[in-house]
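For the record, in the sequence shown the residue sitting at position 43 is 43 according to the UniProt record's numbering, with numbers rising by one throughout.
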Amino acid sequence: MSAGQEINKYLKLNKIGQGSFAEVYMAKDRIRKKYFAMKLSIQSNIEESNKLVVIREAKILKKLNHRNIIKLLDYSDSAEQSTILSRHPSSALSIIEFCPCSLSQSIIHPEFQFELILGLNYIHEKKIFHTDLRPSNILINIKGVKLFDFGLATYRNSTPLKQDWTFPSTAM
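Written out as C-alpha cells, the structure reads:
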C-alpha cells in the first residue's frame, strides 16, 4: 500500500510508525480536511490468531474516553485489511523524540508524569491493562500526554488478581 492511496474517505499519507502486525500512517479526511492517525493491518500478512488483536484493540479503544488516552474515531474490518482511525495530536512527539537522551538520564516534567498516571488509572479502573507501556507508546505535545497503541492490551477478569508474587528486595 503506497502513500496517496485512498481508503474509505481518507487519503493515506506518510508512514509514522510500524508494529509487528500493523503500520501507522498520517491520513487526511478528504472532506473535512483534518488529519488523523490510521493504523492499517493487512490481514494476509498476519496469522489468523492475530486478526483478533486489531479487533480487540478497536473494542478496547471504543470503551475509552479520557483526555490522556488516544481517541478511536473509526474502525473498519474486511478480508483484506483492518483499519483503526484515531486522533493524532498535532505536533505530538513520542517521549523518545521529546527526550532524545536516555530516559534514565532525563527528568520528565512532573505534569507529564501526573497525566500519564491519570491515563493509567483510568484504564485500570476500566479493568484494562496496556501491557506494552514504553516510551514510544506515549505521545506528548503542548496539550499534554496521550497513551496509545493498545494492540497488546488485555482485560483483567472481574475476580481479584491472585497475589503469588513478591516485590524484589532492594539492598540499602
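For each residue, glycine too, the CB sits at the ideal point set by N, CA and C.
Being a predicted model, the structure only gives us computed values, none of them experimental.
- Note on the stretch 103-133: there is no whole beta strand (DSSP E) run with a minimum of 3 residues.
- Nearest in C-alpha terms to Ile142, of all of His66, Asp149, Phe112, is Phe112.
- Across the structure, Asp132 and Ile138 are spaced so that their CA atoms are roughly 10 Å apart.
- Scanning Ser78, Glu80, Asn65, Ala79 for the CA closest to the CA of Ser86 turns up Asn65.
- Boundaries for Arg30: no beta strand (DSSP E) harbours it, and the DSSP string shows neither H nor E there.
- Taking all protein chains in view, the Cβ of Thr83 is crowded by 16 or more other Cβ atoms within 10 Å, so the residue is classified as buried.
- Remark: fewer than three beta-carbon pairs, one from each stretch, lie closer than 8 Å, so the stretch 22-38 and the stretch 120-134 are not flagged as touching.
- Cβ neighbours of Glu115 within its own chain (closer than 6 Å, five residues either side excluded): Asn68, Gly144, Val145.
- In chain order, Leu72, Tyr75 place their CB closer than 8 Å to the CB of Lys62, counting only its own chain and leaving out the 5 sequence neighbours on each side.
- Ala79 has its alpha-carbon roughly 17 Å from the corresponding atom of Glu6.
- Out of Gly19, Ile31, Leu13, the CA that lies nearest to the CA of Tyr25 is found in Leu13.
- DSSP places Ser76 in the strand class (E or B) of the three-state scheme.
- Within 10 angstroms of the beta-carbon of Ser20 lie fewer than 16 other beta-carbons, which makes it exposed.
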